[in-house]
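*Asks:* Each residue of the sequence shown is one higher than the last, beginning at 50 in this note's numbering. The following block contains the structure, expressed as structure tokens.
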Amino acid sequence: MIRERFEACRQKAEGALIVYVTAGDPNLEALPDILQAVDQAGADLIEVGIPFSDPLADGPIIQAAAHRALQAGATLQRVLQTIAARSASISAPLIAMTYYNPPLQYGLERFAREASEAGFAGVIMTDLPPDEAGEWLSVKGDLDPIFLLAPTSSPERIEKVVQFGGGFVYCVSRTGVTGTTEKPWDEAKALVARTRSMTDLPLAVGFGISTPEHAAEICQFADGAVVGSRIVELIARTNDWSQVSNEVSRLKKATVKAAAPPS
């Protein structure tokens, strides 16, 4: 389902827009409406962040959102139940983004089963490298296991990510945490080129993408752009989800203009 969505974008000469939201911020009751707003505005895939108390890879915006979500009672089980109740009305494939600890404590097999039943198509475990993912890979079922690569990743790490991963490869634009913006994208371009030579999996770039201009630039050399902190910040500032829709729509239009025609 995830690869098919990337292929559909490619056929239309678009980059895929992947939007991240934190489940439970401002509360779980708002999550279905937020997902609906993001979906209808044109997001090609949606990452649903599972809040965790120690989100080391995230910058201050997403850390704060996770803290608010946990304070509001957003447990892993409640997130899965909320998604299960409404996922059928969302056309974009849903991806659970989590650290390894919450599913591990929940039970990996139970998590895989319930995530799949809830309507998730894939899972990103931010802090789980493929060479330590044997237990997860053995119970994941039909969920695509999506791994991260960084500009510092060795050829051996890239090889393992493309060997064991599915859906797409999440290429981190630079070293550091989410939510900071530094250009140009030299590190990301080099990482995409190295990875492209080893796989036909779609390659999406995330971290530091916060404007339509950023998304357009990323989609010149990658298959998709991940936007997280910008949307999470907007959700934190407003209860008017039409503002979120408008921002997602602006971002999506940028990917349409940017991508090169399919060869």
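Yeah, the Cβ is synthetic: ideal placement off N, Cα and C, and Gly gets one too.
1) DSSP puts A65 in a beta bridge; with which residues?
2) Under the DSSP definition of a beta bridge, which residues are partnered with A145?
3) Please go through the same chain and pick out, in chain order, the residues whose beta-carbon is closer than 7 Å to the beta-carbon of I284, but skip the five residues on each side of it.
4) Nearest-angstrom Cα distance between L125 and E78?
5) Give every residue of the same chain whose Cβ lies closer than 7 Å to the Cβ of K238, excluding the five residues on either side of it in the sequence, and list them in chain order.
6) Checking 8 Å against the spacing of the C-beta atoms, do V275 and I67 come in under that value?
7) At what residues does the beta strand (DSSP E) containing P152 begin and finish?
8) Ends of the beta strand (DSSP E) at A86?
9) Mapping the DSSP letters down to three states, classify D193 as helix, strand or coil.
10) Here's the rule I'm using: 16 or more other beta-carbon atoms within 10 Å means buried, otherwise exposed. How should K301 be labelled?
11) Give the DSSP-derived three-state secondary structure of P311 in the structure shown.
12) Would you kindly work out how many angstroms separate the C-alpha atoms of V281 and F196, rounded to a whole number?
*Replies:* In brief:
1) According to DSSP, which records beta bridges pairwise, A65 is partnered with G273.
2) DSSP output for A145 lists V97 and V172 as bridge partner(s).
3) V70, D74, I83 and V293
4) Roughly 14 Å separates the two Cα atoms.
5) F270
6) yes
7) Note, P152: premise wrong, no beta strand (DSSP E); alpha helix (DSSP H) at N150 to Y155.
8) First-last for A86: L80 to Q89, but that is the alpha helix (DSSP H), not the beta strand (DSSP E).
9) strand
10) buried
11) At P311, the pLDDT of 47 sits below 50, so the modelled position is not reliable and the matter cannot be decided from this model.
12) 22 Å
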